[in-house]
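What follows is a set of notes on a single structure, which appears directly below.
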Amino acid sequence: MNTIESPNYMNAKKGILSWLFTLDHKRIGILYLIGIMAAFALGGILAMLIRMELIHPGQDIMDADTYNQVFTLHGAVMIFLFIIPSIPAALGNFFLPIMIGARDVAFPKLNLASWWIFIGGSLFAVFSMYAGAVDTGWTFYTPYSTKTGTAVISMTLGVFILGFSSIFTGLNFIVTIHKLRAPGLTWYKLPLFVWGLYATAIIQVLATPVLGMTLILLILERVFQIGIFDPAMGGDPVLFQHFFWFYSHPAVYIMILPGMGIISELISVFAHKKIFGYKAIAYSSLAIAFISFLVWGHHMFVSGQSEIAAMIFSFLTFLVGIPSGIKVFNWLTTLYKGSITFETPMLYALSFLFLFTIGGLTGIFLGALATDVHLHDTYFVVAHFHYVMVGGTVMAFMGGLHYWWPKMFGRMYNEKWAKFAALLIFVGFNITFFTQFILGSQGMPRRYYNYLDQYQPLHAFSSYGSWILGLGFLIAFIYLFYAAFKGRPAGRNPWGALTFEWETPSPPPTENFDKDPVLRHEPYDYDKVLVERTYPEK
Amino acid sequence: MNHKEGHPEFLAHHFAEPEQQHESAKFGMWVFLLTEILLFGGLFLAYTVFRSWNPDMFYNAHLALDRTLGAVNTVVLITSSLTMALAIRSIQLNRKKHSMYFLIATLVFAAVFLVIKYFEYSHKIHLGQLPGKYYTYTGIEGNNPHIFFGIYFAMTGLHGVHVIAGMIIISWILIRASRNHFSHEYYTPMEMTGLYWHLVDLIWIFLFPLFYLIG
Amino acid sequence: MDTTGTLFMPSGASTISGEVDAVFNFILIAGSIIFAIVVGLIIFFSVRYRRRDKPGLTSGISHNLKLELTWTIIPVILVFFAFYFGFKTYLKMSIVPGNAIEIKATGQKWFWSFDYPEGVTTVNELVVPVDQPVKVLLSSQDVIHSFFVPNFRIKMDVLPNRYTVTWFEAHQKGEYNLFCAEYCGTEHSEMVGKVRVVSESEYQNWLEESSTAGEGMTPAEYGAKLYISKSCNTCHSIDGTAGNGPSFKNIFGKTEKFADGSQAVVDENYLRESILEPANKIVAGYQNIMPTYQGLVKDREIDALIAYMKTLSNEQQ
Ligand code: HEA
Ligand code: HEA
Ligand code: CUA
Ligand SMILES: [Cu+2]
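As given, the protein sequences belong to chains V, U and E, one line each in that order. Position in the first sequence (first residue = 1) + 202 = my numbering. Heads up: the second sequence at position 139 corresponds to 128 in my numbering, and the numbers run straight through without jumps. Position in the third sequence (first residue = 1) + 36 = my numbering.
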């Protein structure tokens, strides 16, 4: 029978302060996990309010101003407080050092600082809810954002501070991956999750400072009216859009690349097969990271940029689809001749393949100039980005959470409930958001509090779907929470996986390994090595 | 894990050897400096854009800046970079006293820089050469000269914040040096501070010609 | 739902809508095929290679150059086509034909106004002749808006202090929705207008009528029309309920309190000032969001509006 080995990182030191000021990357990972889950719950509740309001045209539960604040907060909370830190800062923090056989990240104090900065920034952002809320949309477009009477400053300041948290995490990961790998663990033997985090970290470090600067300029514009974005004073509001998307387009790959890293792990482990095209997957992450800096203009095809610029941005946008496709096909081929099992993490991985492909392919409609003119700022875009962010990143995050939960807490969740929740989420998600593709191409603009009667049936359908979706998430959080304390011990290696983290006890000891890890095989050698599962399938 | 024996005091538990720790710190610092460059990069971009839209106004407005003070400040800052480098050199040779003197000299130069900047700023405030809606000066021809000063204050202001941050860090290094934390074997924090200080210097070396010389 | 279009696209009513739909359908079909392959393979592999017995070692294949080239090159070719078609049509959408008539459209919080070369001004209603290229010269009074007519497949941002251009040639008579597609504040979703496509002769008649509008009506009747057509109704009710602005019910002759503490009796001069310079006196409890109607209403129209407002007040006589 499996037992919980002791002492481990969780019971090594006691007391709330030993958590809040810990330098242990695992504890910091857990702290982050708590933070982002709170953010996700908040953003999710706001999403439910959005869908409630949109169930009929006209006023249902709130007035127009409140609605505008609700979707702004929903977007800002989900993006800056939840999805950007989600996989890297929570799961990455916990597992990156263990997966490369290190005892910690390169700069533990910086790591702790980044969590505190995250909390500080989040408080600012949440504080703006009390200080009159923000009604600009998460994109803060000028001149609206410099003129509206709401708490734009505390929100942008919050996002600015959160940016530092993101930069520090990225910086820490880059150095950790370069300098702290276990002896013999060369670049091509790294788990693909690590490659994903590496590509992400590069974007975090290169793009976030530009966002920081943009937000500072926005604040200066509001406070001192320096005129840079104000057309009446010789400035240019479209310049703000360029600045904003120069960060925020790469940011969408900050969101997806770590998720893709998780999917590579899951597919290989649960197909019980060597990953197909290791190098192609690894390098396509870098390719995506690189190209992502050159396509920001595709958010501005109708903002009056020149035809030449539009042409170049459109062309480069399509190039991003190629490396993403390479990944999808490599994952598919990994299934070929595998020995596939369908535990919950795998269900999420397969959901990811299904949903991300839809999300990505609809990105192609938006990248094509003629169609984007019609689809821009409609629900088609809303559906596109929920398919990639929820259908992509959140599915990968849920998959990773279920995959590593037994390692983080040493205990297994209830598989039946887990499968049921995964099903609800998959079905509910498609009902909620597929309808929005139709709404959008029929011309329903986004950020609309009210709408014409002709759109009512689909809006109602979408709202019903969101209840199924919300219920699925709620169930998942309940049984996961329960499992962390009461689940059955899972043992070291419940899935029979081959990366380093499965060689150490669950939960791991403070210094990660009881003896220095030795590289005996590569991460995906399912053709050479067979490890007993400590928590066998029934 | 028996990494306790032969483990120098300054070596953090998760590093195998001092070399690795030093390399990591240095690499991390370079990455950090890269983010700093990109932070300023946003402003340099704004500068370029507005300059290309209003070349004449930028030229006229830049005449309002005092070249002499700018040049003096450039020399002051370059000298402070030199003393910073010498402080590191001294500690490498295990000359703690010298190293501390050089750090103090660096602090003094930084302070001189800020004092000169203070005089420049107060002169502009006095004349009303201020950003945006606070701009009241009338002597500059061209469209929207307030934008020039908006960018000028944003960039030199952000740079000034970096100088102040640098002074705080150098003071802290000075205190640590006085407590014998550093020796020729271990002086990583001082070296990192040096790198940072050189970057602050380097940014000024770009700001000076862009604002004072070519406008 | 508009049933004349496809599942995805609403009915097309402009010369370029067919082309845009062709690009859309090309991507839709190619994408669906790719999606079908992906999902087909997931299902096939999941069934075929599910674990039936004890785990064992599995195949170690990790490369296949031909396969990898295939799934790189085919998508490259496909996206190249998508790019090319998209760009070609986009160019057509950007180049205004020489024989287009030009109408100036102004977006402001939260309505559209249109100025015709013939001197006619309309609010939230764009009337155009069928089969005639129309160039729309766009600008904004305040923040960014976006001019979006789904049935024409056109959209263009409307910026303050700058002109942007879009054009269309409607080939189908009818009434089409005009949306504001760029978020612009409280009433963003109410910034909805109509594009009415009529025959050339109807268009000429309409121009004629509009430039002599109000003739043969009493000023109050004309005012009632203007109350709708100038969009006063989006903010002011006539039944006493407060909207974004104070209701017009019983407005005339009442004593109005202002945000700065002063007050005044509502008379003709005050009403005139409120329409032309709304920011001068802000009614207590409301925000300074009413746009100035300077240039949008003629003197005659102001008179009519005032006459209309008087009829809404029982104290007047
Ligand atoms: C996780 C986040 C994420 C990801 C990964 C993506 C991925 C992509 N996005 Fe998306 N996008 C967003 C988040 C994301 N996006 C958000 C948040 C917005 C809106 C912001 C706002 O305005 O509020 C947005 C908006 C947005 C726009 C602007 C729309 C508009 O406002 O008008 C465009 C336009 O080009 C676009 C394109 C793309 C493309 C081409 C990809 C590609 O990377 C997709 C690549 C993937 C595939 C193509 C699928 C897999 C490939 C195959 C199976 C192979 C076969 C493929 C081909 C033949 C092409 N996105
Ligand atoms: C990661 C990003 C993310 C995520 C996950 C979501 C999730 C969801 N989003 Fe959102 N959305 C955005 C990012 C995201 N969104 C952005 C960026 C915008 C644009 C904003 C703008 O225009 O500015 C937007 C806009 C947006 C709109 C358009 C609004 C408009 O344009 O007018 C809609 C409408 O349907 C919507 C719906 C939803 C729904 C139903 C979900 C659902 O998937 C949510 C489901 C989740 C839950 C219901 C939470 C359940 C969890 C619990 C209850 C847990 C309790 C747990 C504990 C206590 C530990 N979103
Ligand atoms: Cu005007 Cu939205
Ligand atoms: Cu993008």
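Built from N, CA and C at the ideal position, the CB exists for glycine as well.
For H181(E), the first and last residue of its enclosing beta strand (DSSP E): 181 to 185
C-alpha gap between V454(V) and F631(V), whole angstroms: 20 Å
Continuous alpha helix (DSSP H) stretch holding S82(E): start and end: 53 to 84
beta-carbon Y219(E) near ligand 3 non-hydrogen atom, thresh 8 Å: yes
As assigned by DSSP and simplified to three states, the class of K124(E): helix
Close Cβ partners of V234(E) (< 8 Å) along its chain, the five nearest in sequence each way excluded: V163, V164, P165, V166, K209, W242
As assigned by DSSP and simplified to three states, the class of T220(E): Thr is not the amino acid found at residue 220(E); the sequence shown has Cys there. If DSSP states are grouped into helix, strand and coil, C220(E) belongs with coil.
Y581(V) beta carbon near ligand 2 (any heavy atom closer than 8 Å): yes
W146(E) CB to nearest heavy atom of ligand 3 below 8 Å: yes
Selected residue, minimal CA-CA separation from V319(E), among D339(E), T291(E), L93(E), D193(E): T291(E)
Sub-9 Å separation of A217(E) and V170(E) beta-carbons: no
Residue-level contact to chain V via CB, V189(U), 9 Å cutoff: no
Cβ-based burial, R56(U) [other Cβ within 10 Å; buried from 16]: exposed
For M253(E), three-class secondary structure by DSSP: coil
Whether G414(V) touches E423(V) by CB criterion (9 Å): no
For N132(U) and G436(V), believed in contact at Cβ under 8 Å, the rounded distance: 6 Å
is_contact[H3(U), chain V] using C-beta, thresh 9 Å: yes
Within-9 Å CB hit, K621(V) to chain E: no
Cβ contact (3+ pairs, closer than 8 Å) linking the segment 354 to 368 of chain V and the segment 0 to 18 of chain U: no
Proximal residues to T177(U) (C-beta, below 6 Å), its chain only, five neighbours per side dropped: H11, A14
Short CB-CB distance (under 9 Å) between E174(U) and chain V: no
Residue from G569(V), A240(V), A598(V) with nearest C-alpha to S516(V): G569(V)
M226(E): contacting residues in chain V (beta-carbon distance under 7 Å): According to the sequence as given, residue 226(E) is Glu; it is not Met. Chain V residues near E226(E): N652.
Cβ-Cβ separation, W498(V) to W447(V) (assumed contact under 8 Å), whole Å: 4 Å
9 Å Cβ cutoff, V440(V) in contact with chain E: yes
Contact under 9 Å by Cβ, S643(V) with F60(E): yes
Test: Q168(E) CB closer than 9 Å to a CB of chain A: Looking at the structure shown, chain A is missing, and the protein chains on hand are V, U and E.
Inter-stretch contact at 8 Å, needing at least 3 Cβ pairs: the segment 78 to 98 of chain U / the segment 121 to 131 of chain U: no
CB contact below 9 Å: L420(V) versus chain U: no
Listed by chain order, chain E residues near P691(V) by CB distance under 9 Å: Per Cβ cutoff of 9 Å: no residues; P691(V) is ~21 Å from chain E at best.
Interface positions of the segment 188 to 221 of chain E facing chain V (Cβ-Cβ less than 8 Å), listed along the chain: R189, I190, K191, M192, D193, L195, P196, N197, R198, T200, N213, F215, C216, A217, E218, Y219, C220, G221
C-beta contact flag for G463(V) and L394(V) at 9 Å: yes
Helix, strand or coil at F200(U) [DSSP, three-state]: helix
Inter-stretch contact at 8 Å, needing at least 3 Cβ pairs: the segment 640 to 660 of chain V / the segment 573 to 587 of chain V: yes
Beta-carbon spacing of H588(V), F567(V) below 9 Å: no
T158(E), DSSP secondary structure in three states: strand
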